[in-house]
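S.K.:
Numbering (the working numbering), first residue to last: 2 to 157.
1. If you draw a straight line from the alpha carbon of residue 9 to that of residue 78, how long is it in whole angstroms?
2. How many Å lie between residue 34 and residue 87 at the Cα?
3. Rounding to the nearest angstrom, what Cα-Cα distance links residue 4 and residue 84 in this structure?
4. Per DSSP, residue 28 is paired with what?
5. Identify which residue in 59, 41, 27, 24 has its Cα closest to the Cα of residue 13.
6. Quick one, which of 41, 22, 23, 55 has its alpha-carbon nearest residue 30's?
7. If you count every other CB in all the chains shown that lies within 10 Å of the CB of residue 104, and 16 or more means buried, which is it?
8. Taking only the alpha-carbon atoms, compute the straight-line gap between residue 57 and residue 121 and give it to the nearest angstrom.
9. So residue 93 and residue 117 are in contact, right, with Cβ under 8 Å, and what is the actual spacing, rounded?
10. Quick one: grab the DSSP three-state call for residue 14.
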(Lines of atoms letter the chains of each structure in order from A and count residues from 1; the text may use other names and numbers.)
(Lines give C-alpha, C1' and ligand atoms only; values in the text may rest on other atoms or scores of the structure.)
Protein backbone atom coordinates (compact mmCIF):
# COMPACT_ATOMS: atom_id res chain seq x y z
CA UNK A 1 0.00 0.00 0.00
CA UNK A 2 1.36 3.42 -0.97
CA UNK A 3 1.08 6.24 1.57
CA UNK A 4 -0.77 9.32 0.39
CA UNK A 5 1.26 12.43 0.00
CA UNK A 6 0.21 15.28 2.28
CA UNK A 7 -1.54 18.18 0.58
CA UNK A 8 0.55 21.25 -0.07
CA UNK A 9 0.01 24.15 2.33
CA UNK A 10 0.16 27.59 0.70
CA UNK A 11 1.90 30.27 2.79
CA UNK A 12 2.33 33.96 1.91
CA UNK A 13 5.22 35.81 3.54
CA UNK A 14 6.63 39.32 3.40
CA UNK A 15 10.26 40.04 4.29
CA UNK A 16 12.12 43.30 4.72
CA UNK A 17 15.50 44.24 3.33
CA UNK A 18 16.78 46.84 5.79
CA UNK A 19 20.27 48.24 5.20
CA UNK A 20 22.47 50.62 7.12
CA UNK A 21 25.76 51.36 5.44
CA UNK A 22 27.35 48.00 4.70
CA UNK A 23 25.08 46.14 7.12
CA UNK A 24 21.87 44.16 6.70
CA UNK A 25 19.30 43.63 9.45
CA UNK A 26 18.60 39.94 10.14
CA UNK A 27 16.22 38.18 12.49
CA UNK A 28 16.98 34.99 14.37
CA UNK A 29 14.34 32.25 14.35
CA UNK A 30 13.06 31.30 17.83
CA UNK A 31 14.61 28.28 19.56
CA UNK A 32 11.26 26.44 19.53
CA UNK A 33 10.43 27.14 15.86
CA UNK A 34 11.21 25.25 12.69
CA UNK A 35 14.70 26.13 11.47
CA UNK A 36 15.46 27.05 15.08
CA UNK A 37 18.12 29.71 15.68
CA UNK A 38 18.79 30.22 11.96
CA UNK A 39 18.97 33.76 10.56
CA UNK A 40 16.58 35.29 8.03
CA UNK A 41 15.42 38.65 6.76
CA UNK A 42 12.78 40.10 9.13
CA UNK A 43 9.70 38.16 8.03
CA UNK A 44 5.98 38.12 8.74
CA UNK A 45 3.24 35.79 7.57
CA UNK A 46 0.51 37.55 5.61
CA UNK A 47 -1.87 34.67 4.96
CA UNK A 48 -2.14 31.19 6.44
CA UNK A 49 -4.16 28.50 4.70
CA UNK A 50 -7.49 27.86 6.42
CA UNK A 51 -7.00 26.35 9.85
CA UNK A 52 -3.27 25.76 9.44
CA UNK A 53 -0.96 26.85 12.25
CA UNK A 54 1.20 29.84 11.42
CA UNK A 55 4.91 29.20 10.94
CA UNK A 56 5.96 32.87 11.12
CA UNK A 57 4.68 35.78 13.20
CA UNK A 58 1.94 38.00 11.76
CA UNK A 59 3.77 41.20 12.76
CA UNK A 60 7.35 42.34 12.47
CA UNK A 61 9.48 42.66 15.60
CA UNK A 62 8.56 45.73 17.71
CA UNK A 63 11.90 47.39 16.83
CA UNK A 64 10.61 47.64 13.23
CA UNK A 65 7.29 49.31 14.10
CA UNK A 66 8.45 52.67 12.71
CA UNK A 67 10.02 51.24 9.53
CA UNK A 68 9.00 52.84 6.25
CA UNK A 69 8.20 49.89 3.99
CA UNK A 70 8.37 50.23 0.21
CA UNK A 71 5.10 49.87 -1.68
CA UNK A 72 6.64 47.81 -4.49
CA UNK A 73 8.24 44.43 -3.91
CA UNK A 74 11.93 44.22 -4.82
CA UNK A 75 11.51 40.51 -5.40
CA UNK A 76 8.80 37.87 -5.43
CA UNK A 77 9.84 34.24 -5.27
CA UNK A 78 8.47 30.76 -4.60
CA UNK A 79 10.11 28.42 -2.12
CA UNK A 80 9.16 24.98 -0.84
CA UNK A 81 9.84 23.44 2.56
CA UNK A 82 8.44 19.91 2.97
CA UNK A 83 4.70 20.31 2.23
CA UNK A 84 4.70 24.12 2.47
CA UNK A 85 4.61 26.13 -0.77
CA UNK A 86 5.79 29.59 0.16
CA UNK A 87 5.37 32.80 -1.80
CA UNK A 88 7.76 35.46 -0.49
CA UNK A 89 7.74 39.16 -1.31
CA UNK A 90 10.83 41.11 -0.27
CA UNK A 91 10.36 44.85 0.25
CA UNK A 92 12.92 47.54 0.96
CA UNK A 93 12.49 49.23 4.32
CA UNK A 94 14.12 52.24 5.92
CA UNK A 95 14.47 53.14 9.56
CA UNK A 96 14.69 56.76 10.72
CA UNK A 97 17.41 55.53 13.02
CA UNK A 98 18.65 52.01 13.45
CA UNK A 99 17.18 50.10 16.36
CA UNK A 100 19.45 49.81 19.39
CA UNK A 101 20.38 46.15 19.29
CA UNK A 102 22.54 44.02 21.52
CA UNK A 103 25.35 42.00 20.09
CA UNK A 104 23.92 38.67 19.00
CA UNK A 105 21.48 38.09 21.85
CA UNK A 106 18.42 39.87 20.47
CA UNK A 107 16.07 38.49 17.85
CA UNK A 108 17.30 41.23 15.47
CA UNK A 109 20.93 41.93 14.67
CA UNK A 110 22.88 44.06 12.20
CA UNK A 111 25.27 41.93 10.13
CA UNK A 112 28.01 43.24 7.85
CA UNK A 113 27.40 42.11 4.27
CA UNK A 114 30.81 40.44 4.08
CA UNK A 115 29.87 38.26 7.10
CA UNK A 116 26.66 36.84 5.61
CA UNK A 117 28.50 33.75 4.33
CA UNK A 118 29.50 32.88 7.89
CA UNK A 119 25.94 32.69 9.23
CA UNK A 120 23.42 29.87 9.19
CA UNK A 121 20.85 31.57 6.97
CA UNK A 122 17.58 29.90 6.05
CA UNK A 123 17.49 28.55 2.51
CA UNK A 124 14.74 31.01 1.62
CA UNK A 125 16.88 33.96 2.79
CA UNK A 126 19.91 32.70 0.86
CA UNK A 127 17.74 32.35 -2.24
CA UNK A 128 16.30 35.86 -1.83
CA UNK A 129 19.71 37.47 -1.25
CA UNK A 130 21.23 35.63 -4.23
CA UNK A 131 18.44 36.83 -6.52
CA UNK A 132 18.63 40.38 -5.19
CA UNK A 133 22.37 40.30 -5.85
CA UNK A 134 21.69 39.85 -9.56
CA UNK A 135 19.43 42.91 -9.64
CA UNK A 136 20.77 46.42 -9.25
CA UNK A 137 19.39 47.98 -6.07
CA UNK A 138 19.19 51.75 -6.25
CA UNK A 139 21.61 53.37 -3.85
CA UNK A 140 22.88 50.07 -2.46
CA UNK A 141 25.82 47.81 -3.05
CA UNK A 142 25.16 44.38 -4.50
CA UNK A 143 25.65 41.42 -2.23
CA UNK A 144 28.67 39.22 -2.66
CA UNK A 145 28.07 35.71 -3.88
CA UNK A 146 26.94 33.30 -1.17
CA UNK A 147 27.64 29.84 -2.48
CA UNK A 148 28.52 28.03 0.73
CA UNK A 149 26.42 27.24 3.75
CA UNK A 150 28.07 27.47 7.12
CA UNK A 151 27.50 26.72 10.77
CA UNK A 152 25.42 28.96 13.00
CA UNK A 153 27.25 31.71 14.80
CA UNK A 154 26.44 34.96 16.49
CA UNK A 155 27.04 38.11 14.42
CA UNK A 156 29.40 40.75 15.72
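Idealized CB from N, CA, C, for every residue including glycine.
M.R.: The structure says:
1. 17 Å
2. 17 Å
3. 15 Å
4. 41, 109
5. 59
6. 41
7. The predicted model places residue 104 with a pLDDT of 47, which falls under 50 and marks its position as unreliable; any figure quoted below should be read in that light. By the neighbour-count rule (16 or more Cβ atoms within 10 Å), residue 104 is not buried but exposed.
8. 18 Å
9. About 17 Å; that fails the 8 Å criterion.
10. strand
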